[in-house]
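Colleague: I have a structure here, written as structure tokens, and I will follow up with some questions on it.
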Amino acid sequence: MKNLLNYQSCEYDCGPVSLTNAIRYLFDRETIYPDIIKYIMLYCLDSYNEAGEFGKRGTSASAMMFLSNWLNEFGRIKNFPILCEFVSGRDVCLSDSCRITSALQQGGVVLLRLFLDVSHYVLLTGIDGNRIYLFDPYYEELDDPELDPEYFEEGITFITDQPKRANRLISMERLNHLTEGYYEMGPYAAREAVIVFNRETRLTPEDTIEYFI
57 MKNLLNYQSC
67 EYDCGPVSLT
77 NAIRYLFDRE
87 TIYPDIIKYI
97 MLYCLDSYNE
107 AGEFGKRGTS
117 ASAMMFLSNW
127 LNEFGRIKNF
137 PILCEFVSGR
147 DVCLSDSCRI
157 TSALQQGGVV
167 LLRLFLDVSH
177 YVLLTGIDGN
187 RIYLFDPYYE
197 ELDDPELDPE
207 YFEEGITFIT
217 DQPKRANRLI
227 SMERLNHLTE
237 GYYEMGPYAA
247 REAVIVFNRE
257 TRLTPEDTIE
267 YFI
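Taking the numbering used here, I'd label the letters of the sequence shown as residues 57 to 269.
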């Protein structure tokens, strides 16, 4: 049975929540090892803010890179069918031949660092034409009178009926922006992503989902 995707418990845990959501999205609850959940929480929230407060700058790229390697090794030892790849810089883009769109076509998911006022992790789960399905773990309600007006900018659509898959539909054009607006990936130096597959459900190149940009 697949779980609902989770929201953050505090202002800083978008990283571990989104990585856990990748596991929840790809694997049935009955097959997920408790070790995976334990170590995601153990190694995330590792950054200090300007005041020297631990965890209040969220999760670092180093932690995500380490967890990608740890999950691959865990999968090998336990025969758990997970495959992760950490990518950064110019490899983190959306085009008709990039790693991220290819992964989504093959049934994988992508933990992506972008901007939502500050740097923020979300989970990409699919493609629809030139738009990307994603689950943002930062909970918001459309009828909240204090909802930031940036949520209503071009290229951002709320989804309210797919709790196991997505709560936003974002245009590729917006995600690709080099600036730091809502749901933009920003400058290449700031970009990072973790591609995650379930080896047993990964599609072959011949079976990939077609999309059009």
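Beta carbons are placed, not taken as given, at the ideal position from N, Cα and C, and that holds for glycine.
(1) Assuming E129 is part of the alpha helix (DSSP H), what are its boundary residues?
(2) What did DSSP end up calling E266 once you bin it into helix, strand or coil?
(3) Can you tell me the Cβ-Cβ gap for Q64 and Y239, rounded? I've got them flagged as a contact below 8 Å.
(4) In the DSSP assignment, find the unbroken alpha helix (DSSP H) run with V73 in it and report its ends.
(5) Consult DSSP for D91 and reduce its assignment to one of helix, strand or coil.
(6) Between T216 and I183, how many whole angstroms is the CB-CB distance? I'm expecting something under 8 Å.
(7) For F136 and P201, I'd like the C-alpha separation in whole angstroms.
(8) Beta-carbon within less than 7 Å of S43's beta-carbon, same chain only, minus the 5 sequence neighbours each way: which residues are those?
(9) Looking at the secondary structure, which residues open and close the alpha helix (DSSP H) in which A159 lies?
(10) Helix, strand or coil for I215? Go by DSSP, reduced to three states.
(11) Could you pull out every residue in the same chain whose Cβ sits closer than 7 Å to the Cβ of S124, ignoring the five residues on either side in sequence?
(12) Pairing CB atoms from the stretch 79-95 with CB atoms from the stretch 112-120, are three or more of them under 8 Å?
(13) Three or more C-beta pairs under 8 Å: does that hold for the stretch 159-175 against the stretch 69-78?
(14) For Y99, which residues from the same chain have a beta carbon less than 7 Å from its beta carbon, with the 5 sequence-adjacent residues on both sides left out?
(15) For V148 versus E248, is the C-beta spacing smaller than 8 Å?
(16) By Cβ distance below 7 Å, which residues in the same chain neighbour P243 in space, the five residues on each side in sequence not counted?
(17) Comparing C-alpha positions only, which one of K94, H176, A107, Y177 sits nearest to W126?
(18) Using a 10 Å radius around the Cβ and a threshold of 16 neighbouring Cβ atoms, would you call V174 buried or exposed?
Modeller: So, from the listed chains and residues:
(1) 117-134
(2) With a pLDDT of 48 at E266, under the threshold of 50, the modelled position of that residue is not reliable, and the figure given next carries that caveat. Reduced to three states, the DSSP call for E266 is coil.
(3) In fact, because the Cβ distance is near 16 Å, the residues do not count as touching under 8 Å.
(4) 70-82
(5) helix
(6) No, T216 and I183 are not in contact; Cβ-Cβ is about 20 Å, not under 8 Å.
(7) 45 Å
(8) The chain is shown only over 57 to 269; residue 43 falls outside these bounds and no answer can be derived.
(9) 155-161
(10) coil
(11) C140, E141, F142, V250
(12) no
(13) yes
(14) A119, F122, L123
(15) yes
(16) L234
(17) K94
(18) Burial is judged here by how many other beta carbons sit within 10 angstroms of a residue's own beta carbon; V174 has fewer than 16 and is exposed.
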